Structures are given as C-alpha cells and as structure tokens.
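Residue numbers (full-length UniProt numbering), protein chains in the order written: chain Y, 1 to 201; chain F, 1 to 201.
Built from N, CA and C at the ideal position, the CB exists for glycine as well.
All figures in this text were calculated on a predicted structure; none of them were measured in a lab.
Presented below is the structure to which this report refers.
2 protein chains.
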Amino acid sequence: MAEHDTPGRPGRWRSGAESKQRILDTARELFGEHGYGATTVRAIAKAAGVDPAMVFYFFGTKQDLFGAAVDMSGAVPPAIASIFTGGLDTIGERIVRTLVENLDKSGRTPLVMLTRSAPTDARSETLLREFIDREITDRLAALLGTPDATVRAAMVNVQILGLTVARYIMRIEPIASASVDELVERFGPLVQYCLTGPPAA
Amino acid sequence: MAEHDTPGRPGRWRSGAESKQRILDTARELFGEHGYGATTVRAIAKAAGVDPAMVFYFFGTKQDLFGAAVDMSGAVPPAIASIFTGGLDTIGERIVRTLVENLDKSGRTPLVMLTRSAPTDARSETLLREFIDREITDRLAALLGTPDATVRAAMVNVQILGLTVARYIMRIEPIASASVDELVERFGPLVQYCLTGPPAA
DNA sequence: GTCTATAATTAGATAGAC
DNA sequence: GTCTATCTAATTATAGAC
Numbered sequence: 001m002a003e004h005d006t007p008g009r010p011g012r013w014r015s016g017a018e019s020k021q022r023i024l025d026t027a028r029e030l031f032g033e034h035g036y037g038a039t040t041v042r043a044i045a046k047a048a049g050v051d052p053a054m055v056f057y058f059f060g061t062k063q064d065l066f067g068a069a070v071d072m073s074g075a076v077p078p079a080i081a082s083i084f085t086g087g088l089d090t091i092g093e094r095i096v097r098t099l100v101e102n103l104d105k106s107g108r109t110p111l112v113m114l115t116r117s118a119p120t121d122a123r124s125e126t127l128l129r130e131f132i133d134r135e136i137t138d139r140l141a142a143l144l145g146t147p148d149a150t151v152r153a154a155m156v157n158v159q160i161l162g163l164t165v166a167r168y169i170m171r172i173e174p175i176a177s178a179s180v181d182e183l184v185e186r187f188g189p190l191v192q193y194c195l196t197g198p199p200a201a
Numbered sequence: 001m002a003e004h005d006t007p008g009r010p011g012r013w014r015s016g017a018e019s020k021q022r023i024l025d026t027a028r029e030l031f032g033e034h035g036y037g038a039t040t041v042r043a044i045a046k047a048a049g050v051d052p053a054m055v056f057y058f059f060g061t062k063q064d065l066f067g068a069a070v071d072m073s074g075a076v077p078p079a080i081a082s083i084f085t086g087g088l089d090t091i092g093e094r095i096v097r098t099l100v101e102n103l104d105k106s107g108r109t110p111l112v113m114l115t116r117s118a119p120t121d122a123r124s125e126t127l128l129r130e131f132i133d134r135e136i137t138d139r140l141a142a143l144l145g146t147p148d149a150t151v152r153a154a155m156v157n158v159q160i161l162g163l164t165v166a167r168y169i170m171r172i173e174p175i176a177s178a179s180v181d182e183l184v185e186r187f188g189p190l191v192q193y194c195l196t197g198p199p200a201a
C-alpha cells in the first residue's frame, strides 16, 4: 500500500504535507476495508504512524476525513469516460470491464468505500446515491434516450451494486476469484440486456 | 408479524416470555434498520420498553441476540420452497416475485438484516454467505445440473444482492418505489437469462 | 423477573507543551 | 508540526438488591 516516501527533493520539504498525505492514504485503505463506522481515527493514525491528534489537526473531524478520502474528483471521471467512447451495442462489456478493472486495482476506490459504509451510515448512503446518479445513471439515461431509459439505467445500477458487493465485499465464489475476462463474458451481455434488451415494454 | 399486545389488564402476571419476545421483535427491527454495529443494546432495550440489563439476562451477549434475531429457521424455507415448485422456464419470475414480496412485508427479514450488517461485521458476512449458499445457490445449482451451474447460480446471487441493496438499503429510484409486478417484469427475464440463457459458453 | 449501580473499555475530540 | 495528557460521552457487560 501507500509507498509514498518523500521525494528526495533537495532541501527536503518540511514534513507537514507528507504526513497529511499518509493519513489520507491510510484512511482510504481502512475506510475501504471496514467502512466508516467500523474504522476508528485511532486505527488510522496508528497505521499511518502518526498521533491521533494530528488527524484532527489536519482534517478537523472524522466525518471530514471521510469526505476527503471519498473525494477523488478528477481521478474517477477519466476511467468512466472510456465507457462512453464506443458503440452502444458493446457498452455492456465496457461497463463491466471498466468497473472490475478499476476496482481490482485497489479497494480504496470511492465506490467500494461508499458501498461498504452506506448500509450503516446515512451520510455515506447519500453520497453513494449521488455518486452513482451523477457518474453513471444520468449519463446512461441520456445516452439511451428511450422512454424507459431511467428504469434501464437503474437496472444497470443493480448490476453494479450486486457485482461490487459479491466480488469485493462479500467475496462470493466463484464471482470473487473469477478473472476479469470471465466476468466480462458473463455480465457483459447481462448489462447489455438491461440497456438494449427486448421490448421497451 | 408479532404485534406485541401489552394487555391493559392491571395485575396481569408479568410474563418473562413476553418481555423476551418483545426484545426479540425490537432487535429484529433495529438490526434490520441500522445493521449490527450501529445498533446498540441500549437502543433495543429502550425501544422495547425494558431495561438494558434484561437484554443480557435473556440473551447473554449482543452477538447471541443478533444470532437469535437472524435465526428464522422454519419461517423462511416455506417461502423459498415455492420457488422450486414449477417449471424451470419461469423460475426467474418466481425468484424475483418471492424475494420482493417477502422483503416488502418487513425489513426485519434475515436477508436484509444480514445484508446491512455484512459489510462491517465479519460474522454477519459469514452468516450471509452461508445463508445464501444453503438456501439458494446450492438448490439452484442442483436444479440446473449443467456444467456451468455454479456460475449461473452465482449470477443469480448477484441479482438478489443488487436488488436487495438497491431497493431496501440504498433505496435507489425508481427501483425502490416500483411495484412488485414491475420488478418481476423487469428482473424476471434477467434472472431467467442468468439461469437458462444463451450458450453454456 | 426486573431494575439500579457500576465496572471496564473505547470512542471522538481538545488544550497546550515543545 | 507533532505529541502527551486529558476530557467527555457512549458502549458492552456484570453483580447484586428487591
């Protein structure tokens, strides 16, 4: 994890920003692994090798720290953008591939953090809903343009949530240890079906 | 389910069993609403109108209370049994209908309780995985009999988890306020596709 | 059976020395 | 900027009176 050793910059920067970054990285890791409620500020501080008081010094409250950890404005959009570049007839595969590939890289992603925290933390629930709506649902619905676009986009949300919970949180087999290609092969058509499937009813 | 009465009869023998039942009902309600970690014994006691100490008197520990709340052996199987009575070609609809109808009745069902608690509580995670495997995956896989039966059954699990999280925990629209029939119409074919869909790869 | 009192632990947060 | 020390509040859990 967080191999953020300071740059050997000449003159070496007075450590402040470095500690802050380490705290943030560690927070992402622990929040992603145990959720908001089950992660203590003390645990974060210990894992980051700093004093608990410093966490509050930099971030004010636990809630603010979580907000900072979840906010990856700029880091996520590019990945999601790739979903929308390409034909509508293969978008199912691209959604699944992008989702799984990004989440596999680390559990520190906002989606996992929020999905783990949402069930017991009202604020996380709101954040997650907004995140999904803004980054996925709205764009998908706009892309489709059909009358039932909203319902279809929501069905994709169900796939994303189900897949995230099954693979990264509950680790249900054989979903958890399947390869990216296997998942794309299985869930790609399923997501495609949600969007461009049969009768618009 | 269980409408605790509180008989207005003055002088009624204070039945221990009644208090115990009230505690259990209240525990199911709160665990289902906030998950294991975010539900305190005190809150349960207060909502049940008894003393916190009594909760421990009856159930020993918080964990044991949760175990008792989650254990509905005998109450769930019958509902699930109805899924497996009927043709394989319409099982998708039956799965969705049975799931949604039962969960709509109350949030105190084991599935919702466990799904809400699993992300932050390791024991709940195990319980949920075992519950799903035993009650659904194993039976579905056995019913199919195909070589990829396990994967297909797991795909159904993803649907169930996704649907449960979206409708009952995160309350994503328009999934949350959709009618049972709408959901059956939308997700029935999807689940059916998981099980008896295209090429067995 | 029910409740009071309390032990033991742990959480988030703050003040102030250095 | 960093840490020691501490405050306050909440939690699970137990002992024992009635």
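task = Determine the DSSP secondary structure at residue 5 (chain F), reduced to helix, strand or coil.
result = On the second sequence, position 5 is the one that residue 5 (chain F) refers to. With a pLDDT of 42 at residue 5 (chain F), under the threshold of 50, the modelled position of that residue is not reliable, and the figure given next carries that caveat. Correct three-state label for residue 5 (chain F): coil.
query = Quick one: is residue 193 (chain F) near chain Y, going by C-beta distance under 8 Å?
reply = On the second sequence, position 193 is the one that residue 193 (chain F) refers to. It does: the Cβ of residue 193 (chain F) has a partner Cβ on chain Y nearer than 8 Å.
request  = Decide if the stretch 145-158 of chain F is in contact with the stretch 61-81 of chain F; the criterion is three or more beta carbon pairs, one per stretch, under 8 Å apart.
outcome  = no
ask   = In chain F, which residues lie with their C-beta within 7 Å of the C-beta of residue 170 (chain Y)?
value = Position 170 of the first sequence, counted from the start, is the residue given in the question as residue 170 (chain Y). Chain F residues near residue 170 (chain Y): 118, 125, 128, 129.
key: Short CB-CB distance (under 8 Å) between residue 175 (chain F) and chain Y   = Position 175 of the second sequence, counting from 1, holds the residue named residue 175 (chain F). Answer yes: the Cβ-Cβ gap between residue 175 (chain F) and chain Y drops below 8 Å somewhere.
message = Could you check whether the Cβ of residue 189 (chain F) sits closer than 8 Å to any Cβ belonging to chain Y?
response = By 1-based counting over the second sequence, the position of residue 189 (chain F) is 189. Yes - at least one Cβ of chain Y is within 8 Å of the one on residue 189 (chain F).
message = Report the CB separation of residue 103 (chain F) from residue 96 (chain F) in whole angstroms; it is logged as a contact under 8 Å.
response = Start at 1 with the first residue of the second sequence, and residue 103 (chain F) comes out as number 103. Start at 1 with the first residue of the second sequence, and residue 96 (chain F) comes out as number 96. Rounded, the Cβ-Cβ distance is 11 Å, inconsistent with contact.
Residue span of the alpha helix (DSSP H) that contains residue 164 (chain F), given as start and end = Along the second sequence, read from residue 1 onward, the residue named residue 164 (chain F) stands at position 164. Looking at the DSSP string, the run of the alpha helix (DSSP H) that includes residue 164 (chain F) is 149-164.
request  = Output the distance between the C-alpha atoms of residue 71 (chain F) and residue 131 (chain Y), rounded to the nearest integer angstrom.
outcome  = For this step, residue 71 (chain F) is matched to residue 71 along the second sequence. For this step, residue 131 (chain Y) is matched to residue 131 along the first sequence. Their Cα atoms are separated by approximately 35 Å.
request  = For residue 38 (chain Y), go through chain F and note every residue whose CB falls closer than 7 Å to its CB, in chain order.
outcome  = Within the first sequence, residue 38 (chain Y) is the residue found at index 38, counting from 1. Near residue 38 (chain Y) (Cβ distances below 7 Å), the residues of chain F are 37, 120.
ask   = Of all the residues that make up the stretch 145-161 of chain F, which are near chain Y by a beta-carbon distance shorter than 7 Å?
value = 150, 151, 154, 155, 157, 158, 159, 161
key: Contact under 8 Å by Cβ, residue 168 (chain Y) with residue 107 (chain Y)   = Here residue 168 (chain Y) corresponds to residue number 168 of the first sequence, with the count starting at 1. Here residue 107 (chain Y) corresponds to residue number 107 of the first sequence, with the count starting at 1. Cβ distance < 8 Å, so residue 168 (chain Y) and residue 107 (chain Y) count as in contact.
key: Inter-residue CB distance, residue 174 (chain Y) and residue 154 (chain F) (contact presumed, cutoff 8 Å)   = Within the first sequence, residue 174 (chain Y) is the residue found at index 174, counting from 1. Within the second sequence, residue 154 (chain F) is the residue found at index 154, counting from 1. Contact flag correct, Cβ pair sits at about 6 Å.
message = Suppose you measure from the CA of residue 98 (chain F) to the CA of residue 51 (chain F); what does that come to, to the nearest Å?
response = The residue you call residue 98 (chain F) lines up with position 98 of the second sequence. The residue you call residue 51 (chain F) lines up with position 51 of the second sequence. Computed Cα separation, rounded: 38 Å.
query = Residues of chain Y with a CB under 7 Å from the CB of residue 163 (chain F): which are they?
reply = Working through the second sequence from its first residue, we reach residue 163 (chain F) at position 163. The answer, in chain order, is 158.
task = Can you have a look at residue 115 (chain Y) and say buried or exposed, based on whether 16 or more other CB atoms are within 10 angstroms of its CB?
result = What you label residue 115 (chain Y) is simply residue 115 of the first sequence in a count that begins at 1. It is buried - the Cβ of residue 115 (chain Y) has at least 16 other Cβ atoms within 10 Å.
query = With a cut-off of 8 Å, does the C-beta of residue 166 (chain F) fall near any C-beta of chain Y?
reply = In the second sequence, residue 166 (chain F) corresponds to position 166, counting from 1. Yes - at least one Cβ of chain Y is within 8 Å of the one on residue 166 (chain F).
Contacting residues, own chain, Cβ-Cβ under 6 Å from residue 20 (chain Y) (five flanking each side not counted) = By 1-based counting over the first sequence, the position of residue 20 (chain Y) is 20. Excluding residues within five positions, the ones whose Cβ falls inside 6 Å are 58.
ask   = Cβ of residue 110 (chain Y) less than 8 Å from any chain F Cβ?
value = Taking the first residue of the first sequence as position 1, residue 110 (chain Y) is located at position 110. Chain F contact via Cβ: absent.
task = Ignore the nearest five residues each way along the sequence and tell me which others in residue 172 (chain F)'s own chain have a CB closer than 6 Å to its CB.
result = Looking up residue 172 (chain F) in the second sequence gives position 172. Contacts found: 166.
query = Roughly how many angstroms lie between the CA atoms of residue 68 (chain Y) and residue 150 (chain F), to the nearest whole one?
reply = In the first sequence, residue 68 (chain Y) corresponds to position 68, counting from 1. In the second sequence, residue 150 (chain F) corresponds to position 150, counting from 1. Each residue's Cα considered, the two are about 40 Å apart.
Chain Y contacts made by the UniProt DNA-binding region "H-T-H motif" (40-59) of chain F, where a contact means CB separation under 8 Å = none
key: Cut-off 7 Å between Cβ atoms - residues of its own chain near residue 65 (chain F), not counting five sequence neighbours on either side   = Residue 65 (chain F) sits at position 65 when you count from the first residue of the second sequence. Answer for residue 65 (chain F): 27, 55, 59, listed in chain order.
query = Using a beta-carbon distance cut-off of less than 7 Å, what residues from the stretch 80-101 of chain Y approach chain F?
reply = none
Chain-order list of residues whose beta-carbon lies under 7 Å from that of residue 44 (chain F) (same chain, five-residue window excluded) = Here residue 44 (chain F) refers to the residue found at position 44 when the second sequence is read from its first residue. 23, 26, 27, 30, 55, listed in sequence order.
query = Start and end of the alpha helix (DSSP H) containing residue 122 (chain Y)?
reply = Taking the first residue of the first sequence as 1, we reach residue 122 (chain Y) at position 122. That run of the alpha helix (DSSP H) goes 122-132.
key: Interface residues of chain F facing residue 198 (chain Y) [CB-CB closer than 8 Å]   = The residue labelled residue 198 (chain Y) in the question sits at position 198 within the first sequence. Result: 189.
request  = Answer with yes or no whether the minimum CB distance from residue 28 (chain Y) to chain F is below 8 Å.
outcome  = Along the first sequence, one-based indexing puts residue 28 (chain Y) at 28. For residue 28 (chain Y), the answer is no, since every Cβ of chain F falls outside 8 Å of its Cβ.
request  = Could you work out which residues of chain Y lie near residue 186 (chain F), taking near to mean beta carbons separated by less than 7 Å?
outcome  = In the second sequence, residue 186 (chain F) corresponds to position 186, counting from 1. Residues of chain Y passing the Cβ test: 151, 155.
inquiry  = Here's the rule I'm using: 16 or more other beta-carbon atoms within 10 Å means buried, otherwise exposed. How should residue 86 (chain Y) be labelled?
reply    = As a first step, residue 86 (chain Y) is located in the first sequence; it is residue number 86 there, counting from the start. With fewer than 16 Cβ atoms within 10 Å of its Cβ, residue 86 (chain Y) is classed as exposed.
ask   = DSSP state of residue 184 (chain Y), grouped into three classes?
value = Reading the first sequence from its first residue, position 184 is the one you call residue 184 (chain Y). If DSSP states are grouped into helix, strand and coil, residue 184 (chain Y) belongs with the helices.
message = If distances are taken between C-alpha atoms only, which option among Y:185, Y:198, Y:133 comes closest to residue 94 (chain Y)?
response = The residue you call residue 94 (chain Y) lines up with position 94 of the first sequence. Out of Y:185, Y:198, Y:133, Y:185 has the C-alpha closest to the C-alpha of residue 94 (chain Y).
inquiry  = For a test of the three-state rule: what should DSSP assign to residue 55 (chain Y), helix, strand or coil?
reply    = To locate residue 55 (chain Y), count along the first sequence from 1; it is residue 55. Helix at residue 55 (chain Y).
message = I believe residue 163 (chain F) touches residue 100 (chain Y) by the beta-carbon criterion, under 8 Å. Please report the beta-carbon distance rounded to the nearest angstrom.
response = By 1-based counting over the second sequence, the position of residue 163 (chain F) is 163. By 1-based counting over the first sequence, the position of residue 100 (chain Y) is 100. That belief does not hold up - the Cβ atoms of residue 163 (chain F) and residue 100 (chain Y) are roughly 20 Å apart, past 8 Å.
query = For residue 77 (chain F), which option in F:122, F:32, F:117, F:136 has the closest C-alpha, if you only look at C-alpha atoms?
reply = Here residue 77 (chain F) corresponds to residue number 77 of the second sequence, with the count starting at 1. The candidate whose alpha carbon is nearest that of residue 77 (chain F) is F:136.
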